[in-house]
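Some notes on the structure that comes next.
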Amino acid sequence: MGQTVLDLFPAPPRDHVEDTLTWMCDVHGCIRGEIEGDVRELYRDFGTVEAFDRCKALVHFHDGKRCHEPLLCTSPRQIGVSDPDVKVHTVWDRCWAATHGLPMGQVFRLRSWDYGHKRPGSWME
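The opening residue of the sequence shown carries number 49 in this note's numbering; numbering runs sequentially from there.
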């Protein structure tokens, strides 16, 4: 009986963009007007899971609760947040490296971060 009811009255589709915007603003103190265009673009250009993962990196640039000072001198685009040729893990590693002392000139060339040895793992060619 329960499954029949679910089949007849399915849950309304989730609005992932709106859910993400709410999460970024409520949890991280982002300002909606500063992030909404980028969030919508990411969900337009990437699948739902990857778009959300890239939005997690976007938080580093707009976090109203914690200052990520090294990232203030660059943009999400320069780090590769919206670049389909840059893997999302590379984006995360670049954000990590920038906020943990790697000079920004090197951050843009970083492919991966070796967390075990606290140093760059590999570079873009």
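Note that beta-carbon positions come from the ideal geometry of N, C-alpha and C, so glycine has one too.
What residues in its chain sit with their C-beta under 6 angstroms from that of residue i, if we drop five residues either side in the sequence?
{"i": "M172", "result": "R157, R159"}
{"i": "Q154", "result": "none"}
{"i": "S170", "result": "R159, S160"}
{"i": "D162", "result": "G169"}
{"i": "L116", "result": "Before going further, note that residue 116 is His rather than Leu in the sequence given. If we look at H116 and ignore the five residues flanking it on each side, its Cβ neighbours are H108, T147."}
From what residue to what residue does the beta strand (DSSP E) around residue i run?
{"i": "G169", "result": "167-171"}
Can you find the residues in the same chain that come closer than 7 angstroms, C-beta to C-beta, to residue i, ignoring five residues on each side of it along the sequence?
{"i": "C78", "result": "M72, V107, H110, D111, G112"}
{"i": "A152", "result": "It is Met, not Ala, that sits at residue 152 in the sequence shown. Only P118, C121, T122, A146 meet the Cβ criterion."}
{"i": "R184", "result": "One cannot answer for residue 184 here, as it falls past the ends of the chain, which runs 49 to 173."}
{"i": "H76", "result": "V107, D111, G112, K113"}
What are the boundary residues of the alpha helix (DSSP H) that includes residue i?
{"i": "R114", "result": "R114 -> no alpha helix (DSSP H), and no H or E assigned at all."}
{"i": "L69", "result": "64-76"}
{"i": "R92", "result": "80-93"}
Kindly list the residues whose CB is nearer than 8 angstroms to the CB of residue i, restricted to its own chain and excluding five residues on each side of it in sequence; keep chain order.
{"i": "E82", "result": "H110"}
{"i": "S130", "result": "D86, E89, L90, D93, R102, P124"}
{"i": "K166", "result": "H148"}
{"i": "H64", "result": "Y91, T96, A99, F100"}
{"i": "E84", "result": "L69"}
My understanding is that residue i touches residue j, with C-beta atoms under 8 angstroms, so please give their C-beta distance in whole angstroms.
{"i": "I127", "j": "V136", "result": "Not a contact, Cβ separation roughly 11 angstroms."}
Any chance the region 105-113 sits against the region 129-143, with 3 or more Cβ pairs inside 8 angstroms? yes
Does the count of Cβ pairs from the region 112-121 and the region 91-98 closer than 8 angstroms reach three? no
Going along the chain, which unbroken runs of the alpha helix (DSSP H) with 4 or more residues stay wholly within the region 94-157? 96-110, 124-127, 136-147, 152-155
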